[in-house]
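Colleague:
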Amino acid sequence: MSGVYTESLNKLIEEFGKLPGVGPKTAQRLSFYILKARPAEAMALADAIKDVKNKIKRCEICYNYSEKQICEICSDERRDKTIICVVEQPKDVIALEKTGTCKWVYHVLGGHIAPLEGIEPSDLTIDKLVERVRAGEVKEVIMATNPNMAGDGTALYISSLLRPTGVKITRLARGLATGSTIEYASGKMLTDAIIGRQQLQ
Ligand SMILES: [Zn+2]
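Following this line, the structure appears as structure tokens:
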């Protein structure tokens, strides 16, 4: 197939084909769409891609995505800084925020502990979380890692590190189906899980 198209079109099809969930046919369709699009429209897509790569960094406090050193949530005066909700990924923050029930701040781990995949605790922002809790102000840490084996294991590991600080440690309630993820849970389910959160022993 590659001989049929020009070099630059082949390149575009190849790049689209690397995106998750995009097969060869979709990659081809998207590429032809871009080729036919008005220049301004195609460039707007190119610029948007450049911007997310150039402008978005990690918040220095919670490690969520942010265009500033400190993200919107961490710099929001109305947020309760004494409660930290610990999640695996930035998209989990979005899922939780959509429930409209969260008044706390977050800590984004950057994944879960998975020794078989080569992900050790030191690859995550766990030490930064412990520092935040040790700094004093924090009264509760809500473990909102995914309700699957890796998420549970990560929550237990972190709670063992935090226990000496005396902070209250809770876990989202089991309304969330075991093995599921925060990202795909419905708002109602998440809200129930937040309200019913239980202390980790
Ligand atoms: Zn932040």
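Heads up: the sequence shown begins at 28 in the working numbering, then just goes up one per residue.
Ideal placement from N, C-alpha and C gives every residue a C-beta, glycine not left out.
1. Short of 7 Å in beta carbon distance, which residues of its chain neighbour Ala171, apart from the five on each side in sequence? Order them along the chain.
2. Using a Cβ-based criterion (distance less than 8 Å to any ligand heavy atom), does Cys89 qualify as near ligand 1?
3. Can at least three beta-carbon pairs, one atom from the segment 95-112 and one from the segment 131-150, be found at a separation below 8 Å?
4. Closest to Ile83 by C-alpha separation, out of Ala73, Arg224, Tyr90, Glu94, would be which residue?
5. If you follow the beta strand (DSSP E) that Ile153 is part of, which residue opens it and which one closes it?
6. Can you tell which of Asp74, Leu46, Phe59 has its C-alpha closest to the C-alpha of Ser35?
7. Please confirm whether any heavy atom of ligand 1 lies closer than 8 Å to the CB of Ile252.
8. So, are the CB atoms of Leu227 and Ala162 less than 9 Å apart?
9. Does the beta carbon of Cys86 fall short of 8 Å from some heavy atom of ligand 1?
10. Rounded to a whole number of angstroms, what is the C-alpha to C-alpha distance between Ala71 and Leu39?
11. Taking Thr197 and Ile169 to be in contact with their CB atoms under 8 Å, please state how far apart those CB atoms are, rounded to whole angstroms.
12. Report all residues from its chain with a CB closer than 8 Å to the CB of Leu188; omit the five preceding and five following residues, and keep chain order.
13. Just to check my reading of the structure: Arg194 and Glu167 have Cβ atoms closer than 8 Å, yes? What is that Cβ distance to the nearest angstrom?
14. Which residue spans inside the segment 36-95 form an unbroken alpha helix (DSSP H) run of at least 4?
15. Leaving out five residues before and five after Arg159 in sequence, what residues of the same chain have Cβ atoms less than 8 Å from its Cβ?
16. Is Val160 a contact residue of ligand 1, with contact defined as CB to any heavy atom under 8 Å?
17. Between Cys101 and Pro117, what straight-line distance do the alpha-carbon atoms span, to the nearest angstrom?
18. Does DSSP put Glu34 in a helix, in a strand, or in coil?
19. Would you mind sorting Pro174 into buried or exposed? The rule is 16 or more other CB atoms within 10 Å of its CB.
20. Between the Cα of Ala177 and those of Arg190, Pro148, Pro191, Lys155, spot the shortest distance and give me the residue it belongs to.
Modeller: Put simply:
1. The residue labelled residue 171 in the question sits at position 144 within the sequence shown. Cys112, Val113, Val114, Asp119, Leu123, Leu199, Ile209, listed in sequence order.
2. For the purposes of this step, residue 89 is taken as the residue at position 62 of the sequence shown. For ligand 1, at least one heavy atom lies less than 8 Å from the Cβ of Cys89.
3. They touch, by the three-pair rule.
4. Position 56 of the sequence shown, counting from 1, holds the residue named residue 83. If we check each option's Cα against that of Ile83, Glu94 comes out closest.
5. Here residue 153 is taken as the residue at index 126 of the sequence shown, counted from 1. Per DSSP, Ile153 belongs to no beta strand (DSSP E); it is in the alpha helix (DSSP H), 153-161.
6. Residue numbering aside, residue 35 sits at position 8 when the sequence shown is read from its first letter. Taking only the C-alpha atoms, the option nearest Ser35 is Phe59.
7. The chain is shown from 28 up to 228; residue 252 falls before or after that span and cannot be answered.
8. Position 200 of the sequence shown, counting from 1, holds the residue named residue 227. Position 135 of the sequence shown, counting from 1, holds the residue named residue 162. Going by C-beta atoms, Leu227 is not nearer than 9 Å to Ala162.
9. To locate residue 86, count along the sequence shown from 1; it is residue 59. Judged by the Cβ position, Cys86 qualifies as a neighbour of ligand 1 at the 8 Å threshold, a heavy atom of the ligand being closer than this.
10. As a first step, residue 71 is located in the sequence shown; it is residue number 44 there, counting from the start. As a first step, residue 39 is located in the sequence shown; it is residue number 12 there, counting from the start. Rounded to whole angstroms, the separation of the alpha carbons of Leu39 and Ala71 is 16 Å.
11. As a first step, residue 197 must be located in the sequence shown, where it is residue number 170. As a first step, residue 169 must be located in the sequence shown, where it is residue number 142. 5 Å between Cβ atoms; contact.
12. As a first step, residue 188 is located in the sequence shown; it is residue number 161 there, counting from the start. Contacts found: Ile153, Val157.
13. Position 167 of the sequence shown holds residue 194. Position 140 of the sequence shown holds residue 167. In the sequence on display, residue 194 carries Val and not Arg. About 7 Å separates the two Cβ atoms, so the contact holds.
14. When DSSP assignments are scanned along the segment 36-95, the uninterrupted stretches of alpha helix (DSSP H) that are 4 or more residues long and fall wholly within it turn out to be 51-63, 66-82.
15. Counting from one through the sequence shown, the residue named residue 159 turns up at place 132. Same-chain partners within the cutoff: Ile88, Ile111, His134, Val165.
16. Here residue 160 corresponds to residue number 133 of the sequence shown, with the count starting at 1. No, ligand 1 has no heavy atom inside 8 Å of this Cβ.
17. Taking the sequence shown and counting its residues from 1, one reaches residue 101 at position 74. Taking the sequence shown and counting its residues from 1, one reaches residue 117 at position 90. Taking C-alpha positions only, Cys101 is separated from Pro117 by approximately 14 Å.
18. Within the sequence shown, numbered from 1, the residue matching residue 34 stands at position 7. Looking at Glu34 - three-state DSSP - the assignment turns out to be helix.
19. What you label residue 174 is simply residue 147 of the sequence shown in a count that begins at 1. Counting other Cβ atoms within 10 Å of its Cβ, Pro174 reaches 16 or more and is therefore classed as buried.
20. The residue labelled residue 177 in the question sits at position 150 within the sequence shown. Answer by Cα proximity: Pro148.
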